[in-house]
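Here is the structure we will look at.
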Amino acid sequence: MNPEQSTTTVDDWRSLPAEQQPDWPDPEALSDALTDLASYPPLVFAGECDQLRARLGAVARGEEFLLQGGDCAEALDGVSADQIRNKLKTLFQMGAVLTYAGSVPVVKVGRIAGQYGKPRSSPTETRDGVSLPSYRGDAVNGRAFTARDRRPDPERLKRAYHASAATLNLVRAFTTGGYADLSQVHAWNRDFVRDSPAGRRYERLAREIDNALAFMRACGVTDAEAVRTTEFYSSHEALLLDYETALTRVDSRTGGLYAVSGHMVWIGERTRRLDGAHVEFASRIRNPVGVKLGPGAEPDDVLALVDKLDPDREPGRLTLITRMGAGRVRDRLPALVEKVTASGARVAWVCDPMHGNTFTAGSGHKTRRFDDVLDEVRGFFEVHHALGTHPGGIHVELTGDDVTECVGGGSRIGVDDLRRRYETACDPRLNRSQSLDLAFLVAEVLGEARRAKEARR
Ligand code: PEP
Ligand code: CO
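Under the numbering used here, the first residue of the sequence shown is numbered -1, with each subsequent residue one higher.
In structure tokens, the structure reads:
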């Protein structure tokens, strides 16, 4: 495919305001890096993006549930087999809980293999009177507070591509090579703190799944592809538009444009203005796209975004990821859902219970209370149940490692524990045990909703 041809229509964003773009000090080096990127092979295939769009269509119709999760910001030095496996294990375990206890097919999408660019509230950071460019994700600059690290370096865009390729390669091996086999439900838990309440609760559920599988085998269901492999998709915020454009290609089957940096991309709360470059870019690609919506989102603005991004009203094309905060979701969400639903659009509604619930602890750590996370999820379900619409999924920041970044949960992490293992490159993540706690809660709510629906029949 000719990379020049592939960028002609997707390039139109260049005439519009593009927020949150790095100030690259060396334009020639940027242009060289982008030329290289445009010659690299795609990370994902258009057909896979279409498959995910179809699955998200089922989410929009209330037939399936989206589990989207991973790091706030991936780190180039975090691309190790252990870290990737731990993240996948956590997502597989959550998926098993939701599928079995919630009785709903789960679409699994990682914030993984591309989540290397971060929007920041200020372009500079000042410490002890010294001001440097803010950290914008490993695809742009380094985290250390030195002039050398913070200088945006376009070579990092290429490193982010290679890190994404290596990550996705292992993800594909794990998801199709037997590791995602449902008969591995115990294996995913093996190294996990067995004496944690979440680990024990999970072990009981895994035994039930084993029994169910044995029953299926006894009934003669021996070759269930769905039991042996799992579909797993990649996603990230489409923030760095030069990078995304260099990795946008024409699909040879259909002639459509696809971002081939990941299966699904989303637009963040800070870059979703209707007349801005990010929305323009997203409107040109055929991938399933998401938009984050914070408590300031107004119904008319959201409807305008829906008209621009999903003019054909195609279920699965657009996912609206609401992140209102526990205290505001019950107030702010209903008007948005009502307006969009009345327009005839069938979007997937997904709850991000993380980004509206961040605060700084006395120790200076950015953190989130697990109880606030749960409360926002509960509020999200309440709103959708009251309106008769579908609560389609959750979008969470998590890791498979035993970090101490969010407070609360079954393992009772307190504010004093934050300094013990605070490793995130950006926002605080749920650890494995908190992630499982969340999955059990969501499964309970889903199970209740299903029983209530059956009782009404
Ligand atoms: C994020 O998902 O890490 C993020 C920055 O979210 P939001 O755009 O919702 O603030
Ligand atoms: Co974040």
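Note that CB positions come from ideal geometry on N, CA and C, so glycine has one too.
Item                                                                                                                                                                : Value
Give me the pocket residues for the ligand CO, defined as CB within less than 5 angstroms of any heavy atom, sorted by chain position.                              : C70, D425
Rounded C-beta distance between N139 and D151? I'm assuming under 8 angstroms.                                                                                      : 6 angstroms
Where A346 and G390 are concerned, what is the direct C-alpha to C-alpha distance, given to the nearest angstrom?                                                   : 6 angstroms
Is it the case that the Cβ atoms of K156 and L318 are separated by a distance below 8 angstroms?                                                                    : no
Quick check: the Cα distance between Q182 and L239, rounded to an integer number of angstroms?                                                                      : 39 angstroms
Using three-state DSSP, classify D66 as helix, strand or coil.                                                                                                      : Residue identity differs from the one stated: residue 66 is Gln in this sequence, not Asp. Q66 falls in the strand class under three-state DSSP.
For a test of your reading of the model: does the CB of E267 fall under 7 angstroms from any non-hydrogen atom of the ligand PEP? Yes or no.                        : yes
Among E403, G398, R376, which one has its Cα closest to the Cα of I392?                                                                                             : R376
If we call anything under 8 angstroms between Cβ atoms a contact, is R326 one with G288?                                                                            : no
Just curious, the beta strand (DSSP E) that Y256 is in, first and last residue?                                                                                     : 255 to 257
Going by beta carbon distance, what residues of the same chain come within less than 8 angstroms of R448, once the five residues before and after it are set aside? : G100, S101, V102
Confirm, please, whether the CB-CB distance from S232 to G112 is below 8 angstroms.                                                                                 : yes
Alpha helix (DSSP H) containing F90: first to last residue?                                                                                                         : 79 to 100
Can we count H383 as close to the ligand PEP, meaning its CB is less than 7 angstroms from some heavy atom?                                                         : no
So what's W22 in DSSP terms, helix, strand or just coil?                                                                                                            : coil
Looking only at C-alpha atoms, which of R315, C70, T252, D399 sits nearest to L50?                                                                                  : R315
So the candidates are R226, P351, C47; which of them puts its Cα closest to the Cα of A472?                                                                         : Examination of residue 472 is not possible in this model, given that the chain is present from -1 through 455 alone.
Taking Cβ positions, are L245 and S281 nearer each other than 8 angstroms?                                                                                          : no
Examine the ligand PEP and report whether any of its heavy atoms sits within less than 7 angstroms of the Cβ of P117.                                               : yes
Does the Cβ of E235 lie closer than 7 angstroms to at least one heavy atom of the ligand PEP?                                                                       : yes
What residues are listed by DSSP as bridge partners for A346?                                                                                                       : T317
Take R367 and list the residues in its own chain whose beta-carbon comes closer than 6 angstroms to its own, dropping the five residues that flank it on each side. : V405, G406
Give the C-beta separation of V258 and H234 to the nearest angstrom, bearing in mind that I take them to be a contact with Cβ-Cβ under 8 angstroms.                 : At roughly 12 angstroms, the Cβ-Cβ gap does not stay under 8 angstroms, so V258 and H234 are not in contact.
Going by other Cβ atoms of all chains shown within 10 Å of its Cβ, with 16 needed for buried, is T365 buried or exposed?                                            : buried
Three-state secondary structure (DSSP) at L14?                                                                                                                      : coil
Of the choices Y114, A164, T165, S162, whose alpha-carbon is the least far from that of R456?                                                                       : There is simply no residue 456 to check, as the chain begins at -1 and stops at 455 in what is shown.
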